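**Student:** Attaching a single structure in structure tokens format; questions to follow.
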Amino acid sequence: MLVQRTPTPPAGNAVAEPATMPLVRVVDDELSIQTLFARMGCLGGFAVTTHTTAQALLDSLDEQRPGCLVLDLILPDRTGIELLQELGTRGCTLPVVFMSGMARISEAVRALKLGSVDFIEKPFDLQEMLATIQRAIGLDQERRQAGACHETLRKRFCQLTPRECEVMEQVVQGAANKEVAARLGLSPKTVEVHRANVMRKTQAASLAELVRMHVAVRA
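So in our numbering, the last spot in the sequence shown is 274, and the numbers never skip.
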């Protein structure tokens, strides 16, 4: 059986992988764990960067690249729970996977309540960890796609004039053109023009789609 050997990356540095790959940021001070994750990256199709302390991660954390965080519960400078809380304070939205060889049930529950994707005990099964990381990466990609869609909608709606916004608010509530005209003191023809502009600028193909977009952009 051929065993693929992967050079051990220096702690704190990313494995040389294409920048388009998801990045898994691992925080664990055990060299064997760092090496294992570097090899897992080759198997799972993601890049890996390793850090030995919580502060090392915080000093270099960049959320621009999709991926996730894998945190050990016990770190040299603070606990994984404390790191997770600090990440929350900083507004970090990367999914988090916890791991530990000596966790109490209460700690695992607390980590999950704070929003971590999973809590895996050491020594862990390689396939289980790979599957969990892939799930975390998938969650991050879904969040980013949803955010991009929301920003696209926001930009479309920002093109509307104040009057077009007034007309739209009435239309999405189910008001007919004549009702909108009466409420806003406009002629039905003017309402038709504003309504057509709303549909064009938002790229809504129907009233039902405009309503869905209107709800989504305000979510």
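Using N, Cα and C, we set each Cβ at its ideal position, and we do this for glycine too. All values derive from a computational prediction rather than experimental measurement.
Could you spell out where the beta strand (DSSP E) holding residue 154 opens and where it closes?
**Tutor:** Working through the sequence shown from its first residue, we reach residue 154 at position 99. First-last of the beta strand (DSSP E) with residue 154: 151-155.
**Student:** What three-state label does DSSP hand residue 120 in the structure shown?
**Tutor:** The residue you call residue 120 lines up with position 65 of the sequence shown. Coil.
**Student:** Mapping the DSSP letters down to three states, classify residue 78 as helix, strand or coil.
**Tutor:** Position 23 of the sequence shown, counted from the start, is the residue given in the question as residue 78. Three-state DSSP puts residue 78 in a strand.
**Student:** Which residue marks the beginning of the beta strand (DSSP E) containing residue 176, and which one marks its end?
**Tutor:** The residue you call residue 176 lines up with position 121 of the sequence shown. Its beta strand (DSSP E) spans residues 173-176.
**Student:** Three or more C-beta pairs under 8 Å: does that hold for the segment 221-230 against the segment 242-255?
**Tutor:** yes
**Student:** Assuming contact is defined by CB atoms lying nearer than 8 Å, are residue 128 and residue 153 in contact in what I supplied?
**Tutor:** Position 73 of the sequence shown, counted from the first residue, corresponds to residue 128. Position 98 of the sequence shown, counted from the first residue, corresponds to residue 153. Cβ distance < 8 Å, so residue 128 and residue 153 count as in contact.
**Student:** Could you give the residue range of the beta strand (DSSP E) that holds residue 102?
**Tutor:** Taking the sequence shown and counting its residues from 1, one reaches residue 102 at position 47. Run containing residue 102: 102-106, per the beta strand (DSSP E) assignment.
**Student:** Write down the C-beta distance between residue 192 and residue 121 rounded to the nearest angstrom, noting that I regard them as a contact closer than 8 Å.
**Tutor:** Taking the sequence shown and counting its residues from 1, the one referred to as residue 192 is at position 137. Taking the sequence shown and counting its residues from 1, the one referred to as residue 121 is at position 66. Rounded to whole angstroms, the Cβ separation of residue 192 and residue 121 is 7 Å, and the two are in contact under 8 Å.
**Student:** Please name the residue in 165, 247, 119 whose C-alpha comes closest to that of residue 134.
**Tutor:** Mapped onto the sequence shown, residue 134 falls at position 79. Checking every option, the nearest Cα to that of residue 134 belongs to 165.
**Student:** Pairs of beta-carbons, one from the segment 191-211 and one from the segment 224-240, closer than 8 Å: are there three or more?
**Tutor:** no
**Student:** What did DSSP end up calling residue 59 once you bin it into helix, strand or coil?
**Tutor:** Here residue 59 is taken as the residue at index 4 of the sequence shown, counted from 1. Any reading at residue 59 needs caution, since the residue's pLDDT is 35, under 50, leaving its predicted position unreliable; the model's value is listed next. Coil.
**Student:** Would you mind stating whether residue 95 and residue 184 have Cβ atoms separated by less than 8 Å?
**Tutor:** Position 40 of the sequence shown, counted from the start, is the residue given in the question as residue 95. Position 129 of the sequence shown, counted from the start, is the residue given in the question as residue 184. Yes.
**Student:** Thinking C-beta only, is residue 235 closer than 8 Å to residue 248?
**Tutor:** Against the sequence shown, residue 248 aligns to sequence position 193. Against the sequence shown, residue 235 aligns to sequence position 180. Not closer than 8 Å, so no.
**Student:** If you draw a straight line from the alpha carbon of residue 233 to that of residue 264, how long is it in whole angstroms?
**Tutor:** Locating residue 233 in the sequence shown gives position 178, counting from the first residue. Locating residue 264 in the sequence shown gives position 209, counting from the first residue. If I take the Cα positions, the gap works out to 21 Å.
**Student:** Alpha carbon to alpha carbon, how far is residue 178 from residue 88? Give it in angstroms, no decimals.
**Tutor:** Locating residue 88 in the sequence shown gives position 33, where the first residue counts as 1. Locating residue 178 in the sequence shown gives position 123, where the first residue counts as 1. As the crow flies, the alpha-carbon of residue 88 is around 10 Å from that of residue 178.
**Student:** Only counting the same chain, and skipping five residues up and downstream in sequence, which positions put a Cβ closer than 8 Å to that of residue 219?
**Tutor:** Position 164 of the sequence shown, counting from 1, holds the residue named residue 219. For residue 219, where only same-chain residues beyond five positions count, the Cβ hits under 8 Å are 249, 252, 253, 256.
**Student:** Does the Cβ of residue 157 have 16 or more other Cβ atoms within 10 Å, making it buried, or fewer, making it exposed?
**Tutor:** The residue labelled residue 157 in the question sits at position 102 within the sequence shown. With fewer than 16 Cβ atoms within 10 Å of its Cβ, residue 157 is classed as exposed.
**Student:** By DSSP, does residue 114 sit in helix, in strand, or in coil?
**Tutor:** Translated into positions along the sequence shown, residue 114 becomes position 59. Looking at residue 114 - three-state DSSP - the assignment turns out to be helix.
**Student:** Quick check on DSSP: helix, strand or coil for residue 207?
**Tutor:** Locating residue 207 in the sequence shown gives position 152, where the first residue counts as 1. It is helical.
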